[in-house]
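Data first, discussion second: the structure below is written as structure tokens.
Residue numbers (this note's numbering), protein chains in the order written: chain A, 8 to 290; chain B, 8 to 290.
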């Protein structure tokens, strides 16, 4: 009989994956790590019972976390990724020749070790790239010693439960802002607003207290149930229409090899449904 | 103990809804109809074990099936809805004062009766609108006697299994095309391509054999698992960039009351991810 993995993240709703093969099931110092194979999604990584990434849909997430802010900035050299131990976002960032260093800071060494062993299709050659440095540390603590350093900080954070709660605090946003240099950009995974309205509202409020330029854009990842996922980006400078035009144009001239992201998808990602706009713009 | 409704539409993946109250569970002449309440989605209608509509996310589907083609056409007067017995799409269509008649053709009288009894928040006042006429008939048969009649035909069809298979055939597309008048538009629910690649490929191929203007746009409905849902639209005339501009401008001047649809969402819906563009454009 096939075993099953059931995720109960939202009240009254469960998604269940058949596990045709279990690759890892262990408790690290920080969390319960499960890695298994599923007929529809390929290899699946779950932390504390919540799906983080799958082979088949990871591009819908990792490309949208990386490429929009890189094209919007225009010349990203120094990048920091908070979390992201699976290497998926790092792979996307490293597609850009302008990028000189990427500091990937994940608190859990075992996530990185298991990803390197089992999730090659997710991170490609990222861990072999000499521009990538992996640090096993708390992301906030790591950033506190690196003021005025990064052009791009990507918070590949999980849901705001357990150990990750601190990554949703206003003090974390202030730490991130201080670690950016110039017109550096920070992007934050901000949940699935269909189920997590309050989360998105709180994120936008918290970020507006730190940045003048806060905007929300969308990605759609099959295994993040509830449909649209929000990504919020903070910058000293608001994202104007002409700045977005320029970003999309930069991409058109020099498109990365992607499966989801395109210049048109980039622009379209900022078109929020009416109900979500009411959440992001709530005072 | 709370009862559960489990939908197994895709291999190795199940979504499960807690049923806090069962409103209906019966077999009509055509299908197994279930109607229940869930903490996250409100009232949920399922046919033959597959979720069709929920109170909480129906606007993400029904608004996107109705408003884009209406603004693209510019003066829709006569509308036909194939399926859609829950009345959700009809409600959206009837928001437009230019619409003079709507023929809603559902094969199953019990779906309409149960929707009228239990899904008021889904269809609003649609069934009380004198412009709406409900017919209990096979959609293809109904259309065969109405050549050159409609400005808009909306195929609110389920997945291509069981009785609905005929709604995915090339002969159905020909019947629909013949029932349109002038530059009338037909839109078709075309599945969730993450799980149903072949379906979208076949739909686009089949429609291109009938219409010169075939295009695909996107909606995201939480309970249609797999993320992006494809809607394909056929018309004698291709949708040019300037025609889309004009449609969006018409909406800006006279926006409907909606929860999802906005002029920006309309335009953005045509930005397909790279992997999906490869499917829709496959020869």
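Heads up, the beta-carbon is just placed ideally off N, CA and C, and yes, glycines get one too.
>> Here's a check: name, in chain order, each residue in its chain whose Cβ is nearer than 6 Å to the Cβ of residue 53 of chain B, leaving out the five neighbours to either side.
In response: In the second chain, residue 53 of chain B corresponds to position 46, counting from 1. The answer, listed in chain order, is 41.
>> I need the DSSP call for residue 80 of chain B, collapsed to helix, strand or coil.
In response: As a first step, residue 80 of chain B is located in the second chain; it is residue number 73 there, counting from the start. Here residue 80 of chain B sits in helix by DSSP.
> How would you write the range of the alpha helix (DSSP H) that residue 287 of chain B sits in, first residue to last?
Replying inline: The residue given as residue 287 of chain B occupies position 280 in the second chain. DSSP places residue 287 of chain B inside the alpha helix (DSSP H), whose first and last residues are 281-287.
>> Please give the ranges of any beta strand (DSSP E) in the stretch 81-156 of chain A, keeping only runs that are unbroken, at least 3 residues long and fully inside the region.
In response: Annotation note: the stretch 81-156 of chain A contains the following uninterrupted beta strand (DSSP E) runs of length 3 or greater, listed N- to C-terminal: 85-90, 108-113 and 139-143.
> Rounded to whole angstroms, how far is the Cβ of residue 72 of chain B from the Cβ of residue 210 of chain B, which I believe are closer than 8 Å?
Replying inline: The residue you call residue 72 of chain B lines up with position 65 of the second chain. The residue you call residue 210 of chain B lines up with position 203 of the second chain. In fact, because the Cβ distance is near 15 Å, the residues do not count as touching under 8 Å.
> How about residue 93 of chain B and residue 141 of chain B: do their beta carbons lie closer than 7 Å?
Replying inline: Translated into the one-based positions of the second chain, residue 93 of chain B becomes position 86. Translated into the one-based positions of the second chain, residue 141 of chain B becomes position 134. Cβ atoms of residue 93 of chain B and residue 141 of chain B: not closer than 7 Å.
>> Looking only at its chain, what residues have a beta carbon closer than 6 Å to the beta carbon of residue 213 of chain B, apart from the 5 residues adjacent to it on each side?
In response: For the purposes of this step, residue 213 of chain B is taken as residue 206 along the second chain, with counting starting at 1. Within the same chain, residue 213 of chain B has close Cβ partners 177 and 180.
>> I'd like the ranges of any beta strand (DSSP E) spanning at least 3 consecutive residues and lying wholly in the stretch 36-67 of chain A.
In response: 39-45, 49-54 and 57-61
> Is residue 261 of chain A helix, strand or coil by DSSP?
Replying inline: Locating residue 261 of chain A in the first chain gives position 254, where the first residue counts as 1. Here residue 261 of chain A sits in coil by DSSP.
>> Residues in the same chain with beta-carbon distance under 6 Å from residue 39 of chain B, minus the five sequence neighbours each way, listed in chain order, please.
In response: Within the second chain, the letter at position 32 stands for residue 39 of chain B. Within the same chain, residue 39 of chain B has close Cβ partners 55.
>> With a threshold of 6 Å on Cβ separation, who are the neighbours of residue 116 of chain B within its own chain once the five nearest residues in sequence on each side are excluded?
In response: Position 109 of the second chain, counted from the start, is the residue given in the question as residue 116 of chain B. Result list for residue 116 of chain B: 143, in chain order.
> What separation, rounded to the nearest whole angstrom, lies between the Cα atoms of residue 27 of chain B and residue 238 of chain A?
Replying inline: Looking up residue 27 of chain B in the second chain gives position 20. Looking up residue 238 of chain A in the first chain gives position 231. Computed Cα separation, rounded: 33 Å.
> For residue 259 of chain B, is the classification buried or exposed, using 16 other Cβ atoms within 10 angstroms of its Cβ as the cut-off for buried?
Replying inline: Taking the first residue of the second chain as 1, we reach residue 259 of chain B at position 252. When all chains shown are included, residue 259 of chain B counts as exposed.
>> Suppose you measure from the CA of residue 111 of chain A to the CA of residue 196 of chain A; what does that come to, to the nearest Å?
In response: Within the first chain, residue 111 of chain A is the residue found at index 104, counting from 1. Within the first chain, residue 196 of chain A is the residue found at index 189, counting from 1. Take the alpha-carbon of residue 111 of chain A and the one of residue 196 of chain A: they are about 16 Å apart.
> So, is the C-beta of residue 197 of chain B closer than 7 Å to a C-beta in chain A?
Replying inline: Your numbering for residue 197 of chain B matches position 190 in the second chain. Chain A, which has no Cβ nearer than 7 Å to the Cβ of residue 197 of chain B, makes this no.
> Just the Cα atoms here: how many angstroms apart are residue 145 of chain A and residue 113 of chain A?
Replying inline: By one-based count along the first chain, residue 145 of chain A stands at place 138. By one-based count along the first chain, residue 113 of chain A stands at place 106. Looking at the two C-alpha atoms, the distance is approximately 7 Å.
>> For the stretch 217-230 of chain B against the stretch 272-283 of chain B, do three or more pairs of beta-carbon atoms, one drawn from each stretch, fall closer than 8 Å, so that the two count as touching?
In response: yes
> Taking 7 Å as the CB-CB limit, is residue 218 of chain A close to chain B?
Replying inline: The residue you call residue 218 of chain A lines up with position 211 of the first chain. No, residue 218 of chain A does not count as interfacial toward chain B.
> For residue 71 of chain B, which beta-bridge partners are listed by DSSP?
Replying inline: Start at 1 with the first residue of the second chain, and residue 71 of chain B comes out as number 64. Residue 71 of chain B is not bridged to any residue.
> For residue 43 of chain B, which residues from the same chain have a beta carbon less than 7 Å from its beta carbon, with the 5 sequence-adjacent residues on both sides left out?
Replying inline: Within the second chain, numbered from 1, the residue matching residue 43 of chain B stands at position 36. 12, 26, 28, 29, 30 and 51, listed in sequence order.
> Hey, quick one: how far does the beta strand (DSSP E) through residue 175 of chain B stretch, first residue to last?
Replying inline: Looking up residue 175 of chain B in the second chain gives position 168. Premise fails: residue 175 of chain B is in no beta strand (DSSP E) and is neither H nor E.
> Among B:22, B:74 and B:90, which has the Cα closest to the Cα of residue 83 of chain B?
Replying inline: Counting from one through the second chain, the residue named residue 83 of chain B turns up at place 76. Of B:22, B:74 and B:90, the residue nearest in Cα terms is B:74.
> Distance, Cα to Cα, residue 107 of chain A vs residue 46 of chain A?
Replying inline: Position 100 of the first chain, counting from 1, holds the residue named residue 107 of chain A. Position 39 of the first chain, counting from 1, holds the residue named residue 46 of chain A. Going by the C-alpha atoms only, they are around 38 Å apart.
>> For residue 59 of chain B and residue 274 of chain B, what's the separation of their Cα atoms in angstroms?
In response: As a first step, residue 59 of chain B is located in the second chain; it is residue number 52 there, counting from the start. As a first step, residue 274 of chain B is located in the second chain; it is residue number 267 there, counting from the start. In a straight line, the C-alpha of residue 59 of chain B is about 26 Å away from that of residue 274 of chain B.
> How far does the alpha helix (DSSP H) with residue 213 of chain B in it reach, from first residue to last?
Replying inline: If you number the second chain from 1, residue 213 of chain B lands on position 206. 204-215 is the span of the alpha helix (DSSP H), which, as asked, contains residue 213 of chain B.
>> In the DSSP assignment, the beta strand (DSSP E) including residue 10 of chain B goes from what residue to what residue?
In response: As a position in the second chain, residue 10 of chain B is number 3, starting the count at 1. Residue 10 of chain B -> beta strand (DSSP E) spans 10-17.
> With residue 286 of chain B and residue 174 of chain B assumed to form a contact (beta carbons below 8 Å), what rounded beta-carbon distance in angstroms separates them?
Replying inline: Here residue 286 of chain B refers to the residue found at position 279 when the second chain is read from its first residue. Here residue 174 of chain B refers to the residue found at position 167 when the second chain is read from its first residue. Their Cβ separation, rounded to whole angstroms, is 20 Å, which puts residue 286 of chain B and residue 174 of chain B out of contact at 8 Å.
> Does DSSP put residue 29 of chain A in a helix, a strand or coil?
Replying inline: What you label residue 29 of chain A is simply residue 22 of the first chain in a count that begins at 1. Looking at residue 29 of chain A - three-state DSSP - the assignment turns out to be strand.
> Considering residue 274 of chain B, what are the terminal residues of the alpha helix (DSSP H) in which it resides?
Replying inline: Indexing the second chain from 1 puts residue 274 of chain B at position 267. It spans 270-275 - the alpha helix (DSSP H) in which residue 274 of chain B sits, taken as one unbroken run.
> Does the separation of the CB atoms of residue 188 of chain B and residue 163 of chain B fall below 7 Å?
Replying inline: Here residue 188 of chain B corresponds to residue number 181 of the second chain, with the count starting at 1. Here residue 163 of chain B corresponds to residue number 156 of the second chain, with the count starting at 1. No. Outside cutoff.
> Can the beta-carbon of residue 250 of chain B be found less than 7 Å from the beta-carbon of residue 78 of chain B?
Replying inline: Residue mapping note: residue 250 of chain B aligns to position 243 of the second chain, counting from 1. Residue mapping note: residue 78 of chain B aligns to position 71 of the second chain, counting from 1. At least 7 Å separates the beta-carbon of residue 250 of chain B from that of residue 78 of chain B.
>> Within a Cβ cutoff of 8 Å, which residues of the same chain sit near residue 264 of chain B, ignoring the five residues on either side of it in sequence?
In response: Numbered from 1 along the second chain, position 257 holds the residue referred to as residue 264 of chain B. Around residue 264 of chain B: 102.
>> Against residue 271 of chain A, what residues of chain B qualify as contacts under a CB-to-CB distance less than 7 Å, listed in chain order?
In response: As a position in the first chain, residue 271 of chain A is number 264, starting the count at 1. Simply 278.
> Does the beta carbon of residue 227 of chain B sit closer than 7 Å to a beta carbon anywhere in chain A?
Replying inline: For this step, residue 227 of chain B is matched to residue 220 along the second chain. Output row for residue 227 of chain B: interface = yes.
> How many angstroms separate the CA atom of residue 229 of chain A from the CA atom of residue 67 of chain A?
Replying inline: What you label residue 229 of chain A is simply residue 222 of the first chain in a count that begins at 1. What you label residue 67 of chain A is simply residue 60 of the first chain in a count that begins at 1. So the alpha carbons of these two residues sit roughly 8 Å apart.
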